[in-house]
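Here the structure is laid out as structure tokens; the discussion comes afterwards.
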Amino acid sequence: GVRRREVNVLVVGLNNSGKTTVVNSFKSEDDKVSDIVPTVGFSVERFQNQNLAFTAFDMSGHGRYRDLWEHYYKDCHGIIFVIDSSDRLRLVVVKEELDLLLQHPDVCQKKIPILFFANKMDFKESLSSVKIAAALGLDKIMDKPWHIAASNALTGEGLQEGVEWLTQQIR
Ligand code: GTP
Ligand code: MG
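Those letters in the sequence shown? Residues 1 to 171, per my numbering, in order.
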């Protein structure tokens with residue numbers, strides 16, 4: 001078989017943003033689950049893209065588990081940050097969590113790529129990826145490669161573009 005490089009990605013974002021649905025769509029048909037429930041703690045999932053074998057740490061976004069995220073910053077090669085584009089009320093909470101992540105010692109000195117999914121683009125009230133990038137102040141991230149892709153994790157729209165970018169950054 002093909003020998004792929006093993007890499008770790010951390011998947012974070014608020015609860016209900018669609019992290020597990022995103023990760024599930026990256027998995028091969030045999031590994032996909034049909035019933036997605038809110039993640040408790042975190043879940044370790046595997047998928048492949050090009051020459052990389054990904055181990056994804058799919059974290060719970062619920063308030064009571066967000067303290068777990070930071071323990072995985074050190075050993076990850078990339079971060080996937082999922083945002084519910086239709087959840088305008090919690091965009092300030094998203095920014096708070098993102099700022100905490102960016103200021104963390106295990107993140108701020110590393111040049112790890114961050115892929116943002118402006119997910120749930122299918123809702124008519126959803127903000128565009130440009131508006132979300134502005135609201136989160138992504139243009140201020142100077143020391144790391146980042147990219148934002150609008151996505152619909154239910155249909156898979158936008159997901160491939162995102163993971164291709166991440167793969168290019170890591171390889
Ligand atoms: P936690 O594990 O609780 O942190 O949530 P999560 O971020 O893993 O969210 P999850 O993948 O469980 O998805 C939450 C809900 O949003 C589910 O009902 C999904 O079917 C739905 N969902 C995910 N992505 C999309 C999307 O792009 N569009 C729509 N309409 N629904 C989505
Ligand atoms: Mg989940």
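Glycine is no exception: its CB is placed at the ideal position from the N, C-alpha and C atoms. None of the values given here were measured: they were computed from a predicted structure.
With hydrogens ignored, establish whether the beta-carbon of residue i is closer than 7 Å to any heavy atom of the ligand GTP.
i    : result
D35  : no
S129 : no
D122 : yes
My assumption, with CB atoms under 8 Å, is that residue i sits in contact with residue j. Please give the rounded CB distance.
i    : j    : result
L138 : S151 : Actually they do not touch by this definition, with Cβ atoms about 16 Å apart.
L10  : Y73  : 7 Å
T21  : L166 : Between L166 and T21 the Cβ distance is about 17 Å, and since that is not below 8 Å, they are no contact.
Please determine whether the Cβ atom of residue i lies at a distance below 7 Å from any heavy atom of the ligand MG.
i    : result
S60  : yes
K19  : yes
T155 : no
T39  : yes
What is the DSSP secondary structure of residue i, counted as helix, strand or coil?
i    : result
T39  : coil
L89  : helix
F116 : strand
Which residues in the same chain as residue i place their Cβ atom closer than 7 Å to its Cβ, once the five residues preceding and following it in sequence are excluded?
i   : result
I83 : G13, S17, V94, F116, F117, A118, N119, I132
R90 : L14
Between residue i and the rest of its own chain, which residues show a CB-CB distance below 6 Å, the 5 nearest in sequence each way excluded?
i    : result
S225 : The question about residue 225 has no answer, for the chain in this structure spans 1 to 171.
Based on the DSSP output, what are the partners of residue i in its beta bridges?
i    : result
E157 : N152
V163 : V163 is not bridged to any residue.
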